[in-house]
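Residue numbers (the working numbering): 2 to 198.
Cβ atoms here follow ideal geometry from the backbone N, Cα and C, with glycine treated the same way.
Model, not experiment: these values are computed from the prediction.
Okay, structure first, notes after.
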Amino acid sequence: MITLDENIAKVDLSSLKEYCLGGYHWGKNNTPEDDFENLNRAPGRCPYKLYAHISSYYKTVADLGTFLGHSALACALNPDVQVTTYDIDHSHRAIKDKDNIKYVEDTIFNHIDDILENELIILDVDPHDGIQEARFVEILKQEKYKGVIIADDIHLSRVPGKPASHPMELWWENLTCSYKKDITPYGHCQGTGIFKI
Ligand SMILES: C[S@@+](CC[C@H](N)C(=O)[O-])C[C@H]1O[C@@H](n2cnc3c(N)ncnc32)[C@H](O)[C@@H]1O
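This is the structure we're talking about:
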């Protein structure tokens, strides 16, 4: 049983600081300290403490969408957790190698069998238009995936008080599965959901 409470804010990511490289992203030059500051932001703003917390319940994690590598790094906080991170383009990667992170530079759709071997999947692939997300979930359904999935950006461009209109919000709202919970207060300000097929 995964516990989600205020203790997520206490997850200590400081051992990950040495893996942050910094570099040009978010429209500016970032020091390694800038990158760690982002990684270390409070739950509800950035999802990395949540990812580190939930990953610690599992032995294997598939991180779909590496980008800078921060989600992979967070999932790999516990050295006993093996993380495989996928991206079609690893040119943005801004972390040092870590023994329990494996990189795959290819589309997730060429590695479905391997991805399904993981107990936890973090789904965070651009352009967040609900299309790749729906395609991936359809495969999980066909394959009767038994693990847990966390989806990032489920409330992208949310206008408080207005009905869902962004494709990601519509995708999340219309997602049918056996278990689904909005855990945004513990995750990312642009929305974090957890579900099981
Ligand atoms: C929002 S970023 C991931 C951020 C990362 N999860 C984090 O929190 O640090 C999304 C990434 O998904 C990648 N991507 C998009 N479509 C993909 C696909 N079909 N397979 C693998 N990676 C994909 C993009 O190249 C981009 O780097």
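Secondary structure at Leu117: helix, using DSSP grouped into helix, strand and coil.
Scanning Asp127, Gly188, Leu141, Asp98 for the CA closest to the CA of Ile116 turns up Leu141. Phe68 carries a coil assignment under DSSP once its states are collapsed to helix, strand and coil. Comparing C-alpha distances from Asp183 to each of Ser166, Pro168, Asp153 shows the shortest one belongs to Asp153. The three-state secondary structure of Asp125, taken from DSSP, is coil. In terms of Cβ geometry, Tyr104 and Cys76 do not form a close pair [threshold 8 Å]. Distances from the CB of Thr67 to the heavy atoms of ligand 1 include at least one below 7 Å. Pairwise C-beta distances place the region 84-94 out of contact with the region 169-189, as fewer than three of them are shorter than 8 Å. For the pair Ala63 and Thr32, the CB atoms are not nearer than the 8 Å cut-off.
Under the three-state reduction of DSSP output, His26 falls in the strand class.
Glu120 has its alpha-carbon roughly 26 Å from the corresponding atom of Leu157. In this structure, Leu124 keeps its C-beta atom at 8 Å or more from the C-beta atom of Leu40.
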